[in-house]
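Report on one structure; see the data block that follows.
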Amino acid sequence: MLGLDNIEKVKPGGLELKDRLVAVNRVTKVTKGGRAFGFSAIVVVGDEAGTVGFGLGKSKEVASAIAKAVEDAKKNLVKVPVINHTIPHQTSARYGGADIFLRPASHGTGLIAGGAVRAVLESAGVHDILSKSKGSSNPHNVVKATFKALLDIRRPEDIAKLRGVSLSKVFNG
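Using the UniProt record's numbering, the first residue of the sequence shown is number 1, and each one after it goes up by one.
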């Protein structure tokens, strides 16, 4: 999807996925006979338990563009580490002009995120996080940057195994 190595792909079968519409764009193609209008939609789907995906759809009608985007999103589902309704460590990523920063937060903080970032994090099942979106606010690039940041996160168990130490040693040094 975004060219990362540690991606754990998920099959949509058996999951109860909820879709969130991030943005719809009206696009125009100027032809000899006049203007031809179409629509482009970006959608995020997730089970609110660590599985999330995004998709793009284009069509002459809004409803079919959204339906195509949902189908595309279901083909691109990935597993992201969500521990106690937050992420294990802070991360940031850049995609195009969009720059995203994510930091874990204590229970009760809430989802401090706006627009496209909020849609992705809600679908992933994150309830407590601090985020900042810098640079471009283009929803396509913001969604892709957020996915890139989430997929850069490593699970504490994986780090403990990699270092050959116990899980408590990873957190306490």
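Cβ coordinates follow ideal geometry from the N, Cα and C atoms, glycine included.
Note that the coordinates shown come from a computational prediction; the quantities given were computed from them, not determined experimentally.
Write down the C-beta distance between THR146 and ALA116 rounded to the nearest angstrom, noting that I regard them as a contact closer than 8 Å.
The residue given as residue 146 occupies position 146 in the sequence shown. The residue given as residue 116 occupies position 116 in the sequence shown. Indeed they touch by this definition, with Cβ atoms about 7 Å apart.
Output the boundary residues of the beta strand (DSSP E) element that contains LYS132.
Here residue 132 refers to the residue found at position 132 of the sequence shown. That run of the beta strand (DSSP E) goes 129-135.
With DSSP run on the structure shown, which of helix, strand or coil describes ILE100?
For the purposes of this step, residue 100 is taken as the residue at position 100 of the sequence shown. Strand, per DSSP.
Within 10 angstroms of its Cβ, does LEU162 collect 16 or more other Cβ (buried), or is it exposed?
Here residue 162 refers to the residue found at position 162 when the sequence shown is read from its first residue. So LEU162 counts as exposed.
How would you call ASN172, buried or exposed, if buried means at least 16 neighbouring beta carbons within 10 angstroms?
By one-based count along the sequence shown, residue 172 stands at place 172. With fewer than 16 other Cβ atoms within 10 Å, it is exposed.
Straight-line gap, GLY3 to HIS107 (C-alpha atoms, nearest Å):
For the purposes of this step, residue 3 is taken as residue 3 along the sequence shown, with counting starting at 1. For the purposes of this step, residue 107 is taken as residue 107 along the sequence shown, with counting starting at 1. Reliability of the predicted coordinates at GLY3 is poor, the pLDDT of 49 falling under 50, and the value obtained from them is presented with this limitation in mind. Each residue's alpha carbon lies about 32 Å from the other.
Rounded to a whole number of angstroms, what is the C-alpha to C-alpha distance between GLN90 and GLU61?
Residue mapping note: residue 90 aligns to position 90 of the sequence shown, counting from 1. Residue mapping note: residue 61 aligns to position 61 of the sequence shown, counting from 1. Their Cα atoms are separated by approximately 40 Å.
Return the chain-ordered ranges of every beta strand (DSSP E) run that is complete within the stretch 29-109 and spans a minimum of 3 residues.
34-46, 51-59, 91-95, 98-104
Backbone CA spacing between ALA41 and SER137 [nearest angstrom]
Here the question's residue 41 lines up with position 41 in the sequence shown. Here the question's residue 137 lines up with position 137 in the sequence shown. Whole-angstrom Cα-Cα distance: 16 Å.
On the criterion of 16 or more Cβ atoms from any shown chain inside 10 Å, does ILE83 qualify as buried, or is it exposed?
Numbered from 1 along the sequence shown, position 83 holds the residue referred to as residue 83. ILE83 is exposed by the Cβ-count criterion.
Are VAL124 and GLY14 close, meaning C-beta to C-beta below 7 Å?
Position 124 of the sequence shown, counting from 1, holds the residue named residue 124. Position 14 of the sequence shown, counting from 1, holds the residue named residue 14. According to the sequence provided, residue 124 is Ala. The question's Val does not apply to it. Not a contact, by the Cβ cut-off of 7 Å.
DSSP three-state call for ILE153: helix, strand or coil?
For this step, residue 153 is matched to residue 153 along the sequence shown. Three-state DSSP puts ILE153 in coil, outside helix and strand.
Which value, in whole angstroms, describes the spacing of the CA atoms of LYS144 and GLY38?
Within the sequence shown, the letter at position 144 stands for residue 144. Within the sequence shown, the letter at position 38 stands for residue 38. Those two C-alpha atoms are separated by around 23 Å.
Enumerate in chain order the residues of its own chain whose CB-to-CB distance from LEU150 is below 6 Å, with the five nearest sequence positions on each side excluded.
What you label residue 150 is simply residue 150 of the sequence shown in a count that begins at 1. If we look at LEU150 and ignore the five residues flanking it on each side, its Cβ neighbours are VAL80.
Is LYS144 helix, strand or coil when you go by DSSP?
Position 144 of the sequence shown, counting from 1, holds the residue named residue 144. Three-state result, LYS144: helix.
Just to check my reading of the structure: residue 195 and LEU102 have Cβ atoms closer than 8 Å, yes? What is that Cβ distance to the nearest angstrom?
Any property of residue 195 remains undetermined from this structure, which presents the chain solely from 1 to 173.
Mind checking whether the beta-carbon of ALA63 lies closer than 6 Å to any heavy atom of the ligand FAD?
As for the ligand FAD, it is missing from this structure, which has no ligand bound.
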